[in-house]
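The structure under discussion appears below in the form of structure tokens.
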């Protein structure tokens with residue numbers, strides 16, 4: 001398990017190539033990128049709770065390892081000031097079974113969305129806006 | 001849409017970095033690797049139906065684009081002689097919605113497994129063995 | 001007890017964290033105490049359903065006990081990923 | 001008509017493809033014709049349920065018509081991915 005909370009940009013391709021499947025045949029990745037928004041995004045600022053963030057991510061990844069047969073798990077999540085098209089975060093899962101790799105990655109994303117202590121603020125020409133959580137994201141947790 | 005049927009090895013990380021999400025925020029990849037097998041795998045030989053393969057992959061990818069809002073789709077599948085740990089194939093999907101990216105990638109994999117004209121033969125010290133399709137893989141198609 | 005605020009809770013209250021001495025037995029009692037203090041707390045805690053709380057860095061509930069607790073954090077629903 | 005074989009079907013029949021002139025109206029009739037030819041065809045087509053067929057490079061059924069068809073391919077269930 002490799003969990004990283006960092007300000008620096010990361011290279012998703014290099015992370016995929018460096019991710020050791022430990023002999024498994026199925027590797028799934030999810031990469032989240034800063035999307036532009038109506039009005040033009042000047043900055044996405046990601047705030048987090050340093051004393052809690054890594055622990056929360058480790059607990060979520062450990063839960064994925066308990067539910068699926070995974071041979072490796074990677075979670076990277078950035079904080080700080082980001083620009084459009086930059087990578088925000090990435091998860092990778094490896095398993096002997098493709099369904100396990102897909103489901104575990106989907107699970108990790110659902111929990112990162114609503115249970116990891118990050119908050120996003122978008123700045124456009126018209127002002128600042130805290131991104132709001134959605135009912136859909138909260139509902140997504142119920143499938144697990 | 002980018003569909004490639006090739007003998008040459010590919011670089012999964014470089015493919016992820018070169019995959020254009022066209023402004024979407026969610027990118028999912030699946031990479032399939034040659035697994036070692038009991039007895040020690042000397043070679044995985046992948047046979048395919050050249051006159052049909054690319055067309056079949058394009059139809060599967062087009063079906064994914066019809067079912068989900070995707071901003072890009074990549075499918076790479078190799079044929080020929082492969083060694084353990086080499087990448088066999090890769091799909092990538094990009095969407096504004098993470099569920100669409102995950103589901104489309106899962107769909108692509110289910111169809112590639114059972115509807116794309118590839119056949120795998122494993123050679124170990126004890127002989128050659130054509131990989132058999134599984135009931136589970138055929139059943140997986142029914143979820144779509 | 002260290003009380004920590006994030007995102008628009010932090011912005012409304014105007015500081016990221018503060019040391020608070022309290023006799024509140026639960027998170028909810030602490031919230032009532034803070035709301036009674038000043039308008040900026042009232043603004044931050046007006047709608048409890050829009051808030052989440054962590055007690056000693058674990059997601060928790062507003063009826064959680066504060067016994068032996070060292071840090072309470074208030075924030076809006078998380079938006080990671 | 002070009003008839004193409006893959007994987008263990010190709011190995012049992014001993015060639016990757018051949019030109020066949022036939023009056024068979026359907027894929028199933030072509031299979032019967034081939035099985036009657038030689039033991040190696042009988043070995044390849046013994047269990048039709050273990051085989052798949054493509055007609056002019058489209059997955060098809062054994063009751064498909066061969067009218068105007070240029071290529072028929074026989075192979076075991078695919079194992080891509």
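Chains as they are written, first to last, in this note's numbering: chain R, 1 to 144; chain L, 1 to 144; chain B, 1 to 81; chain G, 1 to 81. Even for Gly, the Cβ is constructed at its ideal location relative to N, Cα and C.
Run of the beta strand (DSSP E) containing residue i, from where it starts to where it stops
i: residue 130 of chain R; result: 127-130
i: residue 94 of chain R; result: 87-95
i: residue 120 of chain R; result: 118-124
i: residue 81 of chain R; result: 80-82
i: residue 60 of chain G; result: 58-60
i: residue 72 of chain G; result: 71-75
Reference residue i; option with closest CA among the options
i: residue 48 of chain B; options: B:37, B:57, B:29; result: B:29
i: residue 73 of chain R; options: R:106, R:130, R:53; result: R:106
i: residue 131 of chain L; options: L:139, L:121, L:125, L:137; result: L:121
i: residue 13 of chain B; options: B:3, B:22, B:71; result: B:3
i: residue 15 of chain R; options: R:24, R:4, R:23; result: R:4
i: residue 114 of chain R; options: R:123, R:133, R:129; result: R:133
i: residue 129 of chain L; options: L:54, L:39, L:1; result: L:39
i: residue 10 of chain L; options: L:142, L:98, L:138, L:91; result: L:91
i: residue 75 of chain R; options: B:76, B:81, B:70, B:72; result: B:81
i: residue 21 of chain L; options: L:6, L:97, L:7, L:85; result: L:97
i: residue 16 of chain G; options: G:38, G:73, G:46; result: G:73
i: residue 124 of chain R; options: R:45, R:8, R:41; result: R:41
i: residue 93 of chain R; options: R:78, R:30, R:12; result: R:30
i: residue 126 of chain L; options: L:53, L:25, L:8, L:43; result: L:43
i: residue 13 of chain R; options: R:89, R:135, R:108; result: R:89
i: residue 136 of chain L; options: R:99, R:25, R:63; result: R:99
i: residue 95 of chain R; options: R:108, R:70, R:85; result: R:70
i: residue 45 of chain L; options: L:68, L:84, L:57, L:141; result: L:84
i: residue 108 of chain L; options: L:61, L:53, L:6, L:55; result: L:61
i: residue 78 of chain L; options: L:67, L:54, L:59; result: L:54
i: residue 7 of chain L; options: L:80, L:56, L:25; result: L:80
i: residue 62 of chain G; options: G:11, G:42, G:31, G:22; result: G:31
i: residue 11 of chain B; options: B:1, B:36, B:42; result: B:42
Boundaries (first-last residue) of the alpha helix (DSSP H) holding residue i
i: residue 48 of chain B; result: Here residue 48 of chain B belongs to no alpha helix (DSSP H), and DSSP marks it neither H nor E.
i: residue 12 of chain B; result: 7-13
i: residue 33 of chain G; result: 27-37
i: residue 60 of chain L; result: 50-67
i: residue 114 of chain R; result: 98-115
i: residue 140 of chain L; result: 135-140
Contact belief for residue i with residue j at Cβ below 8 angstroms, rounded distance in angstroms
i: residue 19 of chain B; j: residue 51 of chain R; result: The Cβ separation is near 15 angstroms, so there is no contact.
i: residue 101 of chain R; j: residue 27 of chain R; result: 7 angstroms
i: residue 33 of chain L; j: residue 117 of chain L; result: About 21 angstroms; that fails the 8 angstroms criterion.
i: residue 9 of chain B; j: residue 66 of chain B; result: That pair is no contact at about 18 angstroms.
i: residue 1 of chain L; j: residue 47 of chain L; result: Their Cβ separation, rounded to whole angstroms, is 25 angstroms, which puts residue 1 of chain L and residue 47 of chain L out of contact at 8 angstroms.
i: residue 76 of chain G; j: residue 40 of chain G; result: That pair is no contact at about 16 angstroms.
i: residue 79 of chain B; j: residue 119 of chain R; result: 6 angstroms
i: residue 33 of chain G; j: residue 44 of chain G; result: Wrong, their Cβ atoms sit about 13 angstroms apart, outside the cutoff.
i: residue 18 of chain L; j: residue 35 of chain R; result: In fact, because the Cβ distance is near 19 angstroms, the residues do not count as touching under 8 angstroms.
i: residue 6 of chain G; j: residue 49 of chain L; result: 6 angstroms
Residue i beta carbon near the ligand GDP (any heavy atom closer than 7 angstroms)
i: residue 45 of chain G; result: This structure lacks the ligand GDP; in fact it carries no ligand of any kind.
Worksheet item: If contact means a Cβ-Cβ distance below 8 angstroms, which residues of the stretch 119-134 of chain L contact chain G?
Response: 119, 120, 121, 130, 131, 132, 133
Worksheet item: What are the uninterrupted segments assigned as beta strand (DSSP E) that are 3 or more residues long and contained completely in the stretch 6-48 of chain L, given in chain order?
Response: 26-33, 41-48
Practice prompt. Scan the stretch 78-94 of chain L for residues whose Cβ lies nearer than 8 angstroms to a Cβ of chain G and list them as they occur along the chain.
Written response: 88, 89
Worksheet item: Given a limit of 9 angstroms on CB to CB distance, which residues of the stretch 63-79 of chain G reach chain L?
Response: 71, 73, 75, 76, 77, 78, 79
Worksheet item: What residues from the stretch 46-69 of chain R come within 7 angstroms of chain B, judged by C-beta to C-beta, listed N to C?
Response: 47, 49, 51, 52, 55
Fill in: Chain-ordered residues of the stretch 93-115 of chain L with a beta carbon less than 8 angstroms from chain G
Hits within the stretch, in order: 109, 112, 113, 114, 115.
Fill in: Under 9 angstroms (Cβ pairs) to chain G, residues found in the stretch 9-34 of chain L
30, 32
Practice prompt. Scan the stretch 6-27 of chain B for residues whose Cβ lies nearer than 9 angstroms to a Cβ of chain R and list them as they occur along the chain.
Written response: 6, 7, 8, 10, 11
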